[in-house]
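Throughout the sequence shown, residue numbering follows my numbering, covering 417 to 588 in sequence.
Backbone N, C-alpha and C fix where the C-beta goes; we use that ideal spot for every residue, glycine too.
Here's the structure, in structure tokens; my notes come after.
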Amino acid sequence: MEPEIIEHYEEQKDRPPFLIVLLVLTALNLVSSLYNSVTGLLSEKPVVDREQTLGPEFEEARDEIATQEGGEEALEMLDGVLNHFFYLMTEGYYANLILQIITVLVGVLAVVLLFKMKKLGFHVYLIYTLLGVFGFYLIMPAAAVSGIIIFAFAVMGGIMALLYAINFKHLK
417 MEPEIIEHYE EQKDRPPFLI VLLVLTALNL VSSLYNSVTG LLSEKPVVDR EQTLGPEFEE
477 ARDEIATQEG GEEALEMLDG VLNHFFYLMT EGYYANLILQ IITVLVGVLA VVLLFKMKKL
537 GFHVYLIYTL LGVFGFYLIM PAAAVSGIII FAFAVMGGIM ALLYAINFKH LK
């Protein structure tokens, strides 16, 4: 039985510290996302009124932006983000929460496999990242999906995937 303990200890010793840091950060993000999704499912759906939420000051600021150079493009981007947000808070509320829970479960599987130093964990992590980036298209009309949000998710997911790829050589 003692050789098993030594092998197990050496196996843990071979885990790169950078990979451990990435796994801890990913696990914290997953726990936070799961908590938010589950509490969102268990609580009442929020009532979101676009005009009441944004208020008349928003319309004044919007008109001012429209008169500036490049204002039309800025308004298009702003409208895209707001449409995305309000769709997720109204029609797509429950579908979004369920998709987030599924995505988190895929992420948990990836973290567990990566912790066990399995190459499959990296591939599952890529699926988790793609679900996070493109999952909105599964629950929303394409016109309601904000390109800037997809871009931001893709950049962050890509950075994390590259950081995990650095550790790919250590995986079995």
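According to DSSP, simplified to helix, strand and coil, what is residue i?
i	result
residue 453	helix
residue 572	helix
residue 484	coil
residue 448	helix
residue 495	helix
residue 430	coil
residue 506	coil
residue 472	helix
residue 463	coil
Given a cut-off of 8 Å on the beta-carbon distance, is the pair residue i and residue j in contact?
i	j	result
residue 562	residue 497	yes
residue 493	residue 464	no
residue 519	residue 544	yes
Start and end of the alpha helix (DSSP H) containing residue i?
i	result
residue 535	535 to 550
residue 583	Looking at the DSSP string, residue 583 is not in any alpha helix (DSSP H), and its letter there is neither H nor E.
Which whole-angstrom value describes the C-beta separation of residue i and residue j, a residue pair presumed to lie in contact below a C-beta threshold of 8 Å?
i	j	result
residue 490	residue 541	Their Cβ separation, rounded to whole angstroms, is 35 Å, which puts residue 490 and residue 541 out of contact at 8 Å.
residue 509	residue 556	So it is not a contact: roughly 11 Å between Cβ atoms.
- [ ] Pair every Cβ in the segment 499 to 514 with every Cβ in the segment 570 to 588, then say whether three or more of these pairs are closer than 8 Å.
- [x] The segment 499 to 514, when compared against the segment 570 to 588, does not touch it at the 8 Å Cβ threshold.
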